[in-house]
Amino acid sequence: MAGDVEIREVAMTLHAQLPALQIVVPFMTAPLIVFFGKRETAWWLAFLSCSVSLVISYLLLMQVIGGGFISYQMGGWAPPLGIEYRIDAANGLILFLISLVATITMPFAYRSIQAEITRSHTLFYACLMLCFTGLMGMVITGDAFNVFVFLEVSSLSTYVLVAMGAERDKRALTAAFDYLILGTIGATFFVIGIGFLYMATGTLNMADLADRIQGQESSRTVRAGFAFIVVGLGLKAAMVPLHLWLPRAYTYAPSAVTVFLAATATKASIYVMLRFMFSVYQPEFVFHTNVLQILFIPLALLAMFGGSFVAVFQTDMKRMLAYSSIGQIGYMLLGIAMLNQSGVSATMVHMFNHGITKAVLFMGVGAFVLRAGSSFYDNIGGLGRKMPVTGAVIVIGGLSLIGIPGTAGFVSKWLLVQAAFENDMWPIALLIVLSSLLAVIYVWRVFEVIYLQAPNEWSEASDPPMTMLVPMIILAVACVYFGIFTDLSLGAAGTAAEALLNGSFGMAEPSLDTSALPLDVPHGAGDAGADATGGDH
Amino acid sequence: MIDVLPPFTLYLLGALLLPFLPKGHVRGLLTIVVPVVGAWWIWSAPEGLHGQMTWMGLEMVWMRVDKLAVVFGLVFSLAAFLAALYAWHLRDTVQQVATLLYAGSAIGAVFAGDLVTLFLFWEGTAIASVFLIWARRTEGAYATGMRYLVIQISSGVILLGGLVLQYHDTGSIAFEAMTLGSLGTWAIFLSFGIKCAFPLLHDWLQDAYPAATVTGTVVLSAFTTKLAVYALARGFPGTEILIYIGAVMALFPFVYALIENDLRRVMVYSLNIQLGYMVVGVGIGTELALNGAAAHAFTGILYKALLFMGLGAVLFRTGTAKASELGGLYKTMPVTMVLCVIGAASISAFPLFSGFISKSLILSAAAHEHHNIVWAMLLAASAGALIHTGIKIPYFAFFGADSGKRPKEAPAHMLLAMGLTAALCIGLGVFPSVLYDMLPYEVDYDVYTTTHVITQLQLLLFSALGFALLMKAGIFPMPQRSVTLSSDWTYRKAGPAVVWYVGLAVRASWRGTSGLIAKLYADFIKAMHASAGPDGARAANWPTGAMVMNIAILLGIVLVVIFVS
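Chains as they are written, first to last, in the UniProt record's numbering: chain A, 1 to 537; chain B, 1 to 565.
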């Protein structure tokens with residue numbers, strides 16, 4: 001009998017500790033990888049830890065998909081003093097996306113990295129795990145300063161990962177350097193913004209911040225903080241005109257890194273931006289300060305058209321996709337700027353759908369790079385015929401990027417158009433459709449290159465090995481699946497949008513009380529978080 | 001839930017299965033069996049709405065079964081079956097798969113109960129069909145296919161735009177009769193019009209269809225345009241503007257058909273004319289007229305297919321379908337010749353042939369509603385059809401000046417397909433009630449009255465006389481003079497000439513305008529390339545300092561905006 005009870009307790013404990021494990025597992029994997037120092041082991045550890053994260057994030061998402069949130073107190077210290085992890089549908093969905101992409105990228109990375117990097121594979125996987133942890137941490141945490149810490153964790157490792165592309169092309173180094181400068185400025189702006197908030201409220205817990213900002217909306221400090229936070233995160237999210245680091249970073253990074261970053265990094269930043277706008281500051285505040293209406297809409301449109309136009313004329317598929325990402329980020333910002341339920345849902349769901357779509361496409365490019373050694377149109381001509389599965393996967397991804405009905409891309413654009421209609425912004429709805437036509441052009445160009453051009457005669461390319469093929473196929477199927485069965489993505493996005501637009505993140509009762517069980521884990525994320533924030537408290 | 005599977009799933013399954021079957025007869029058999037099972041499926045489906053599901057809050061209906069849909073569904077199945085039989089010799093996987101998907105999409109669209117489903121299949125027909133053009137695998141066919149695809153996809157995009165607006169206006173995506181008025185309905189109308197080859201929107205038809213493969217043209221002629229007629233009949237019955245559009249459609253390609261040398265292209269012009277009849281029928285919108293439109297689509301698909309098959313057989317054996325290079329083929333291809341003549345008689349609406357029983361419905365409907373001018377125009381077009389198709393095609397291909405070509409008779413499976421189609425053409429002409437019973441509305445119409453038959457025979461015989469005289473004088477293919485003469489005989493002297501000159505003027509102004517647009521477009525692309533191309537400022541690698549400057553500027557702007565508001 002006693003045994004039974006104990007087992008249940010263990011089960012409960014584990015279940016209750018999921019939010020912490022979500023971060024601790026990948027975070028601890030990084031030093032473990034370095035400790036073992038073997039390529040094979042490194043890969044297995046990374047893959048295993050990503051898979052565990054995926055399961056955890058799925059379990060978490062299922063708990064909050066209907067509404068409510070989980071509040072987890074790191075180390076048993078109650079917020080606002082301690083660090084709080086807080087999961088609701090919004091970050092649940094993003095956590096799921098990040099861990100999904102990471103898990104699927106791992107098998108792909110195995111061969112792709114072998115082909116593109118000769119040395120330091122273990123360190124590469126360690127960096128990738130740190131980057132992954134950083135992104136997950138940014139999204140899961142409910143503490144403003146903790147966001148900064150994780151943002152830096154992910155950024156620093158990203159710079160290294162991008163620079164690792166130097167073996168194929170030395171320009172990766174300048175790309176990484178530029179990104180380092182700009183990313184640091186962005187992160188600094190963000191932390192300055194948080195400084196302003198701390199000055200005004202004396203707290204760093206987001207929920208507490210939300211409560212204490214009430215009534216100080218007209219304070220210069222609070223407003224300046226908003227400006228710094230938006231610009232800082234806008235840079236990390238590659239919002240036009242702060243996007244200039246992105247094309248180079250994505251182009252010259254190793255293919256697997258590009259897959260992972262393109263699908264997740266900007267999304268995490270956009271999520272944090274959403275969180276700060278709507279949960280820390282309130283929707284009314286955002287509405288009254290006019291930033292969205294005056295700035296975001298034009299900038300988003302500029303991104304949609306500018307990014308797409310540049311993509312149309314590119315001669316390198318990888319770079320083309322990078323510019324297309326800038327355009328797609330425009331859609332996400334536009335959704336936020338619509339400030340209504342459909343718009344924010346569109347942003348949430350577009351983050352998810354675009355994440356998997358871009359991952360598929362960059363994987364396809366990665367396969368071309370593996371076989372043809374380059375991603376320039378001149379070198380990949382006719383490869384679709386020689387590599388039928390890769391070609392088919394790129395076609396599906398391309399259709400989803402355009403937003404053809406029946407693919408994931410359509411769902412989010414449809415919502416976005418609806419959002420514009422709801423605000424009676426007809427011209428904007430029209431512009432959304434028009435800019436999609438540009439996507440038709442640049443995607444069509446790829447189809448034309450890979451199918452209709454004559455392949456190089458000496459080329460004996462064939463589909464990449466199974467470890468790369470299977471992830472691509474899984475994601476391609478996901479592109480179609482999430483275009484037809486929208487329960488998970490739209491459901492979570494809808495719940496998230498509702499919660500975000502309702503504003504107050506306040507110190508309300510959590511839906512699942514897990515605070516009773518203090519954390520008992522090895523030194524790791526908990527300590528890192530506590531150390532980082534401890535000094536400021 | 002999906003209680004009755006839409007027939008499209010069957011075609012999709014067939015298309016997926018086909019590449020895994022051994023090449024040869026097994027694949028051919030599959031392409032034949034699928035339409036047969038599909039037809040049975042359609043025949044036995046109970047009336048009503050099936051396959052309803054909610055997708056993103058939209059009420060989708062995958063299968064709406066009523067009489068209008070069934071009659072189109074059946075004739076599409078029939079056409080798919082005949083085309084597959086005709087293409088028995090084909091060993092081209094791409095064409096076989098494309099044909100199945102194309103027919104399946106067209107049938108899927110016919111049963112679509114909502115605009116979103118319609119849109120999906122609408123684009124499906126566009127994408128599947130272009131492979132029939134590309135299957136010729138020549139540079140020219142590729143370019144033609146691209147033009148065709150652009151127009152077809154545009155039609156779909158306009159439909160999508162229209163349906164979004166319509167949804168916003170009415171809150172429903174149901175595909176029901178609409179009235180023109182809002183922007184949304186006009187967009188939907190325009191998208192249907194492009195597919196239906198309305199005047200000035202028709203160019204893709206003559207451009208693309210003759211460029212397809214021997215078997216591809218047979219398939220193409222059946223589906224896309226008739227699908228558009230169906231969509232109009234469903235969405236815009238009784239819309240008056242359609243009467244006039246249809247009347248113009250029925251007349252103006254006449255001249256082109258007369259002077260065109262490529263016989264398959266002649267057929268396409270004449271296809272355009274036949275579409276005009278159907279559009280008039282839809283525009284009149286009475287029960288009789290809608291029945292007429294449906295019936296004419298039914299018979300039209302059959303005799304068009306028959307003629308395209310006959311010309312295809314000629315092309316298959318001789319390698320050309322140009323009037324100037326053919327002639328005297330009756331000596332070695334007698335069966336093909338007889339079957340072609342049956343098709344020609346049908347399209348010319350000789351009594352006892354299928355064209356007669358359907359055309360009469362539309363003509364009677366026009367007369368009944370006192371659209372006298374339109375009625376006269378249709379009658380003129382009817383006389384024209386005899387000259388430029390009914391006589392011209394068999395004459396130049398099988399009789400006329402002997403070209404010296406002595407090809408073999410068409411292959412057996414082609415003859416079988418043509419024979420079956422010809423039998424249907426005659427059968428429907430002799431027993432019209434078979435078709436009339438299938439039509440959407442109750443038919444209380446006797447086609448074989450003395451008046452009908454006499455009028456029609458008079459018209460046809462005088463037209464034939466005209467043709468004979470023209471040939472005698474040796475001036476038939478010369479455009480201007482033949483037009484003048486033929487108008488003498490058809491007592492509308494000026495009509496075709498005016499159409500000819502209007503056509504010239506329209507063409508000149510169209511070329512001017514499109515040239516201007518093309519230039520503006522080219523300039524625009526150049527400008528965009530200068531700015532956004534790989535060497536442009538948009539895409540260049542900016543120095544780090546400039547990027548940092550951007551951050552500072554944006555921060556400044558954000559701060560100003562926040563502090564001011």
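For glycine and all other residues, C-beta sits at the position ideal for the given N, C-alpha and C.
| Item | Value |
| --- | --- |
| Let me know if Val-147 (chain A) comes out buried or exposed under the rule of 16 or more other beta-carbons within 10 Å of its beta-carbon. | buried |
| Please classify Gln-73 (chain A): does DSSP put it in a helix, a strand, or coil? | strand |
| For Thr-29 (chain A), count neighbouring Cβ atoms within 10 angstroms of its own Cβ and tell me buried if that reaches 16, exposed if not. | buried |
| Between the segment 414-442 of chain A and chain B, which residues of the former have a C-beta closer than 7 Å to a C-beta of the latter? | Trp-414, Val-417, Phe-421 and Val-433 |
| Just to make sure I have the definition right: I need the residues of chain E whose C-beta is within less than 8 Å of the C-beta of Arg-538 (chain B). Which are they? | Included in the structure are the protein chains A and B, with no chain E among them. |
| Can you have a look at Met-53 (chain B) and say buried or exposed, based on whether 16 or more other CB atoms are within 10 angstroms of its CB? | exposed |
| Name the chain A residues that come within less than 9 Å of Asn-541 (chain B), Cβ to Cβ? | Arg-171, Thr-174, Ala-175, Asp-178, Leu-244, Pro-247 and Arg-248 |
| So, Val-219 (chain B) versus Leu-242 (chain B), is the Cβ gap smaller than 7 Å? | no |
| Does DSSP classify Asn-205 (chain A) as helix, strand or coil? | strand |
| Between the segment 216-228 of chain B and chain A, which residues of the former have a C-beta closer than 7 Å to a C-beta of the latter? | none |
| Between the beta-carbon of Val-417 (chain A) and the beta-carbon of Ile-432 (chain A), is there less than 7 Å? | yes |
| State buried or exposed for Gly-145 (chain B), treating a residue as buried only when at least 16 other CB atoms are found within 10 Å of its CB. | buried |
| Out of B:His-371, B:Val-164 and B:Ser-105, point me to the one whose CA is closest to Ser-182 (chain B)'s CA. | B:Val-164 |
| What distance in whole Å lies between the Cβ atoms of Cys-196 (chain B) and Thr-225 (chain B), which are believed to be in contact at a cut-off of 8 Å? | 6 Å |
| Pairing CB atoms from the segment 318-328 of chain A with CB atoms from the segment 240-250 of chain A, are three or more of them under 8 Å? | yes |
| Counting C-beta neighbours from all protein chains within 10 Å, is the total for residue 569 (chain A) 16 or more, i.e. buried, or is it exposed? | With chain A represented from 1 up to 537, any question about residue 569 (chain A) goes unanswered, as that position is not in the structure. |
| Which of helix, strand or coil does DSSP assign to Gly-319 (chain B)? | coil |
| Can you pull the chain B residues whose beta carbon is under 7 Å from the beta carbon of Arg-223 (chain A), in chain order? | Ile-562 and Phe-563 |
| Taking C-beta to C-beta, are Ala-365 (chain B) and Ile-245 (chain B) nearer than 7 Å? | no |
| How is Glu-59 (chain B) classed by DSSP in three states: helix, strand or coil? | strand |
| By Cβ distance below 6 Å, which residues in the same chain neighbour Ala-115 (chain A) in space, the five residues on each side in sequence not counted? | Leu-370 |
| Cα separation between Ala-300 (chain A) and Ser-308 (chain A)? | 12 Å |
| Quick one: what's got a C-beta closer than 7 Å to Ala-163 (chain A)'s C-beta in the same chain, skipping five residues either side? | Ala-172, Leu-173 and Ala-176 |
| Are the beta-carbon atoms of Pro-455 (chain A) and Gly-382 (chain A) separated by less than 7 Å? | yes |
| Can you tell me where the alpha helix (DSSP H) with Ile-153 (chain B) in it begins and where it stops? | 139-170 |
| How many angstroms separate the CA atom of Val-37 (chain B) from the CA atom of Ala-80 (chain B)? | 11 Å |
| Taking just the CA atoms, how far does Phe-96 (chain A) sit from Gly-491 (chain A)? | 14 Å |
| For His-50 (chain B), which of helix, strand or coil comes out of DSSP? | strand |
| What does DSSP give as the partner residue(s) for Ala-174 (chain B) in the beta ladder? | B:Asp-114 |
| Please say whether Pro-407 (chain B) and Thr-332 (chain B) have beta carbons closer to each other than 7 Å? | yes |
| Identify, in the order they occur along the chain, each residue of the same chain with its Cβ nearer than 7 Å to the Cβ of Tyr-451 (chain A), setting aside the five sequence neighbours on each side. | Gly-384, Arg-385 and Gly-391 |
| Got a sec, what are the start and stop residues for the beta strand (DSSP E) Glu-84 (chain A) sits in? | 84-87 |
| From Ser-342 (chain A) to Leu-415 (chain A), what does the alpha carbon distance come to, in whole angstroms? | 6 Å |
| Can the beta-carbon of Leu-306 (chain B) be found less than 7 Å from the beta-carbon of Phe-396 (chain B)? | no |
| For the pair the segment 230-237 of chain B and the segment 206-214 of chain B, tell me if three or more CB-CB distances fall below 8 Å. | no |
| Less than 7 Å between C-beta atoms, sequence neighbours within five positions excluded: which residues of the same chain meet that for Ser-360 (chain B)? | Val-447 and His-452 |
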